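In this note's numbering, the protein residues as written are 37 to 269. Note that the Cβ used here is the ideal one computed from N, Cα and C, for glycine as well. Keep in mind the model is a prediction, meaning the values are calculated, not measured.
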Amino acid sequence: MHGQGKQSGTAKKKVATGRGKRSVAILRVLKKLFPNPDISLRYSNNWELLVAVMLSAQCTDKKVNEVTARLFKKYTTLDAYCRADRHTFEKDIRATGFFRNKAKHILATARILKCRHRGRVPCTMEEMLGLPGVARKTANVVLGNACGVVEGIAVDTHVRRFARRFDLTNSSDPKIIERDLMELFPKKEWFKLTYRFIEYGRRVCPARRHECTKHPLTKIYPVAAHRWLKIGG
């Protein structure tokens, strides 16, 4: 039993070392491919950013931008959201999916910001996580873009798929994936890392099955050419 334990520890160390080296090589390539990646959601203030990110759950940024183009013209202030009729608001955001929960959370958050935060989007992780429907992914995106605060890595569907495909984690749990990525990559890279992963998936290697043996990162980790993982949103 003792020998098996020692072997298991050695195997884990090899995996960690392999991932460490691979993460360095991956980051180097991604920075060359996408030197200045940015969020694709459109907004004009911090509240609109929070709304857009909340709407983006299990929905494409393209569709969210289509919806918010109308939404932000109809609801121009935080007070407008506080006064909004929930059923009408549900119709306004229906195209983003899961519209009932999203409407409930967004309108409740608007009231909380008005009553507890002087109408402002908070700039701490603790306060962000106290808002209805806000988990670490949303909090990381908003904190980084609105406040310049970087406390973690936003893990969405794109990031989960990338991390699993290139063997940067063993988990499908966003919290564990975030932890694993934070251990592999320097903190100064965390904020843009999410957008580099997303851009790679959108512009180089999409989720659908295809030939990708000659893609830049597949050359670093050839196994990825055969890892087609079904990961939920």
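Among residues of its own chain, excluding the 5 on either side of residue 170, which ones have a beta-carbon nearer than 6 angstroms to its beta-carbon? 164
What separation, rounded to the nearest whole angstrom, lies between the Cα atoms of residue 270 and residue 253? Outside the displayed range of the chain (37 to 269) lies residue 270, so it cannot be described from this structure.
CB of residue 200 within 8 angstroms of CB of residue 208, strictly: yes
Should the stretch 206 to 220 be called in touch with the stretch 106 to 119, which here means at least 3 C-beta pairs below 8 angstroms? no
Return the CA-CA distance between residue 40 and residue 57, expressed in angstroms with no decimal places. Residue placement at residue 40 cannot be trusted, given a pLDDT of 44 that sits under 50; what the coordinates show is reported in the next sentence. Each residue's alpha carbon lies about 26 angstroms from the other.
Assess, as a yes-or-no matter, whether the stretch 121 to 130 is touched by the stretch 187 to 200 under the definition of 3 or more beta carbon pairs within less than 8 angstroms. no
Looking at C-alpha atoms only, which residue of 210, 204, 93 and 228 is the closest neighbour of residue 259? 204
Can you check whether the CB of residue 161 is closer than 8 angstroms to the CB of residue 179? yes
Nearest-angstrom Cα separation, counted from residue 173 out to residue 210: 8 angstroms
Runs of alpha helix (DSSP H) lying entirely within the stretch 126 to 204, each at least 4 residues, in chain order: 135 to 152, 161 to 165, 172 to 178 and 193 to 201
In chain order, which continuous runs of the alpha helix (DSSP H) of length 4 or greater are located wholly inside the stretch 49 to 81? none
Quick one, which of 82, 63 and 138 has its alpha-carbon nearest residue 222's? 63
Under a Cβ-count criterion, where at least 16 other Cβ atoms within 10 Å of its own Cβ denotes burial, should residue 274 be classed as buried or exposed? Here the chain has residues from 37 to 269 only, and residue 274 is not among them.
Apply the 10 Å Cβ neighbour rule to residue 264 and answer buried if 16 or more other Cβ atoms are within range, or exposed otherwise. exposed
State the Cα-Cα distance for the pair residue 141 and residue 152, rounded to the nearest angstrom. 16 angstroms
Enclosing alpha helix (DSSP H) for residue 236 [first to last residue]: 226 to 239
If we call anything under 8 angstroms between Cβ atoms a contact, is residue 157 one with residue 83? yes
Considering only the alpha carbon of each residue, which of 188, 147 and 234 lies closest to residue 121? 147
Quick check on DSSP: helix, strand or coil for residue 247? coil
Taking the Cβ atom as the reference point for each residue, do residue 65 and residue 234 lie within a distance shorter than 8 angstroms? no
On a CA-only basis, which of 188, 229 and 247 is nearest residue 270? Give me that one, please. Outside the shown range of the chain, which is 37 to 269, sits residue 270, and nothing can be said about it.
Between 72, 88 and 93, which lies nearest to residue 102 when the distance is taken from Cα to Cα? 88
Three-state secondary structure assigned by DSSP to residue 117: helix
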